[in-house]
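Per the working numbering, the sequence shown starts with residue 11, numbered consecutively.
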Amino acid sequence: LIAQNKPGEAFAYAERAKARTLLDVLDTGRINITKAMTGEEREQELIGYHQMISLNAQIRRESSRPKPDAERLADFKASLQKARLQRDVFQANLYAAHPELQLKRGETRVLNTEEAADLLPAADTALLEYVVTGNKTFLFVLTKTTKQNQSAPDLKVYTIHITEKQLASRADGFRRQLAEHDLDFRSAATQLYDVLLRPAQVQLAGKSNVVIVPDGALWLLPFHALQPGPDRYLLEETAVSYAPSLTALRQIVRLRRGRDSSAASTSLLALGNPTVGEQAPIRAKLADRDMRLDQLPQAEAEVSGLGQLYGSKQSRVYTGADAREDRLKAEAGKYDVVHIAAHAVLDDASPMYSHIVLS
């Protein structure tokens, strides 16, 4: 599609692929995403699901007979069509009642270029989506341009000539340099910026906010630490945020707008430098044998500084033994911003088994 100069269609394909990936991750992690549903809703969904399976099986059996009964087959097909319509109505009502469920299931409708442009609050924002393939990587950049006093979406695709294996090696090497406080990281930071972002520098010029949708090994790459120039980090030039896909971002924005703003009594919840139990280092080494869960005094200073920045009336900060998992789960939904400064264990093979180490 890119070779045929159809960037819009290529973008839509990339979004569908990311939705499929999200479903695979949720399935592999065996995550229960029906908790928001009532018992009656779960039962009704299960009944409809089994009904369609049964009807499909009856159609296959009747069709495989030497002399299928045409009338019987027509009845089965009519019943299946009716069951599908009932399923569609049920799902529409279900997702209206539980909009977050549609996002978690990866079943939101894939957005097109014009709809993606609606996520751009102003001309100073850019949406970046990467697609990593075996032999090369593609970068989709969506911005807004003004023509005849009207804003219009500007979607461009950049081809980055680097193999998936080379990209994974360089991204992992850079991340390890940062983790090990290797002072030679600056060279890699500049090189990765040149590879991944400089091709789009003209379109990104003057942008103060970029939203990045990574792919493959780029999920482990801290883009904000890349360097467009000597001793200059990307984060110093623009605000950087991440999203699993632009379709998911649209749904997240909708959910945020639908929240009752009065429900958030304070703006910031921050947890830092949790007290690590005896079992945590053992579990961490199962995922990464080089993983160390040392104390993080800088993390404690980090969240304390944020608390001062927001003010005591607008923030809640927990450190040490108070930075507990149960507190995070109980209070996170009440705040606009959740900031965690702690060790994390990444499981690239089964992402849903990745976790943050808390008290």
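We put the beta carbon where it would ideally sit given N, CA and C, even for glycine.
- Short of 8 Å from the beta carbon of GLY330, and not among the five residues preceding or following it, lie these beta carbons of its own chain, in chain order: ASN283, PRO284, THR285, GLU310 and SER369.
- Per DSSP, GLY330 is one residue of the beta strand (DSSP E) stretching across 325-330.
- Taking all protein chains shown into account, ALA354 has fewer than 16 neighbouring C-beta atoms within 10 Å of its C-beta and is therefore exposed.
- LYS175 is classed as exposed because its beta carbon has fewer than 16 other beta carbons within 10 Å across all chains shown.
- If you draw a straight line from the Cα of LEU137 to the Cα of GLY239, it comes to about 22 Å.
- Where PRO163 is concerned, the enclosing beta strand (DSSP E) starts and stops at 160-170.
- Distance between GLY226 and ARG260, taken at the CA atoms: about 21 Å.
- With fewer than 16 other Cβ atoms inside 10 Å of its own Cβ, LEU56 counts as exposed.
- In this structure, VAL250 lies near PHE233, with their beta-carbon atoms less than 7 Å apart.
- About 6 Å separates the beta carbon of ILE12 from that of PHE148, a gap short enough to meet the 8 Å contact definition.
- VAL223 is positioned such that its CB atom lies closer than 7 Å to that of SER255.
- Comparing alpha carbon positions, the residue from ALA107, LEU165 and TYR363 closest to THR135 is LEU165.
- Contact between ALA133 and LYS154 holds: CB atoms are separated by about 5 Å, below the 8 Å threshold.
- According to the DSSP assignment, THR123 belongs to the alpha helix (DSSP H) that extends over 123-127.
- For TYR140, the closest of GLN160, LEU177 and ALA107 by C-alpha to C-alpha distance is LEU177.
- The straight-line gap separating the alpha-carbon atoms of ALA280 and ARG94 is approximately 46 Å.
- Your pair LEU111 and VAL263 does not check out as a contact, with CB atoms roughly 17 Å apart and the cut at 8 Å.
- In the three-state scheme derived from DSSP, where H, G and I count as helix and E and B as strand, GLU139 is classed as strand.
- In terms of Cα proximity to GLU341, the closest of ALA351, VAL327 and SER161 is VAL327.
- For VAL212, the enclosing alpha helix (DSSP H) covers residues 211-214.
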